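Colleague: In this text, residue positions in the sequence shown follow the working numbering: the first is 3, and each later residue adds one.
Dumping the structure here so I can ask a few things about it.
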Amino acid sequence: MTINYLIKPELNAVIATADGVLNFKEILAYYNDLSIDPDFQPHFHRIFDYRKVIEIDLSAEELKNIALQAEIGDEEKGKTVIIPNEGFSSTTIGKLYSELANSYRGRDHLLFTSPEEAIQWLGALEQ
Numbered sequence: 003m004t005i006n007y008l009i010k011p012e013l014n015a016v017i018a019t020a021d022g023v024l025n026f027k028e029i030l031a032y033y034n035d036l037s038i039d040p041d042f043q044p045h046f047h048r049i050f051d052y053r054k055v056i057e058i059d060l061s062a063e064e065l066k067n068i069a070l071q072a073e074i075g076d077e078e079k080g081k082t083v084i085i086p087n088e089g090f091s092s093t094t095i096g097k098l099y100s101e102l103a104n105s106y107r108g109r110d111h112l113l114f115t116s117p118e119e120a121i122q123w124l125g126a127l128e129q
């Protein structure tokens with residue numbers, strides 16, 4: 003499984019999608035790929051659509067490392083939005099990640115149920 007992303011400059015956002023089993027190696031690869039993409043801007047919002055993820059294979063330490071890795075860098079970073087599937091583990095991991103990232107960096111990380119809901123919320127921020 004890989005994490006695919008689409009940069010949407012008109013939304014000031016990156017929309018990442020994943021399916022199958024999500025693990026530490028693939029999440030780090032996503033952040034590395036994004037960091038060298040010439041179309042990416044650090045201030046873009048991040049939308050993670052994990053509705054098709056069936057399992058999350060992360061230890062507590064790996065989750066903590068992801069929260070730290072994702073937040074290092076530009077202080078003008080946009081908001082982070084997570085759209086988990088309806089399964090317990092995905093929603094729980096999303097909430098844990100949000101809490102970890104918020105506590106480390108003091109930025110907003112939110113959970114939504116659909117990309118449309120997330121984009122609508124992000125659009126309201128831009129106005």
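Note that the Cβ used here is the ideal one computed from N, Cα and C, for glycine as well.
All of these numbers come straight from a predicted model, not from anything done at the bench.
1) Would you please state the rounded distance, in angstroms, between the beta carbons of L30 and V16? I believe it to be under 8 Å.
2) On the three-state DSSP scale, how would you describe E63?
3) Measure the beta-carbon distance from D21 to K54 and round it to whole angstroms, keeping in mind my assumption that it falls under 8 Å.
4) Between N87, H45, F26, E57, which has its C-alpha nearest L70's C-alpha?
5) Would you report the Cα separation of L124 and F50, rounded to the nearest angstrom?
6) At the level of alpha carbons, what is the spacing between N6 and Y52?
7) Rounded to whole angstroms, what's the CA-CA distance from E119 to E63? Just pull it up for me.
8) Determine the DSSP secondary structure at N6, reduced to helix, strand or coil.
9) For L8, does the count of other Cβ atoms within 10 angstroms reach 16, so buried, or fall short, so exposed?
10) Kindly say whether N34, judged by its beta-carbon, lies nearer than 7 Å to any beta-carbon of chain D.
11) If you run the structure through DSSP and keep just helix, strand and coil, what is G125?
12) Got a sec? Which residues, its chain only, sit under 6 Å from R48 by beta carbon, not counting five neighbours each side?
Modeller: A quick look at the data gives this:
1) In fact, because the Cβ distance is near 16 Å, the residues do not count as touching under 8 Å.
2) helix
3) 4 Å
4) F26
5) 13 Å
6) 11 Å
7) 30 Å
8) In the structure shown, N6 sits in a strand (DSSP, three-state: E or B).
9) exposed
10) Any reference to chain D falls outside this structure, which holds one protein chain only.
11) helix
12) V16, T82
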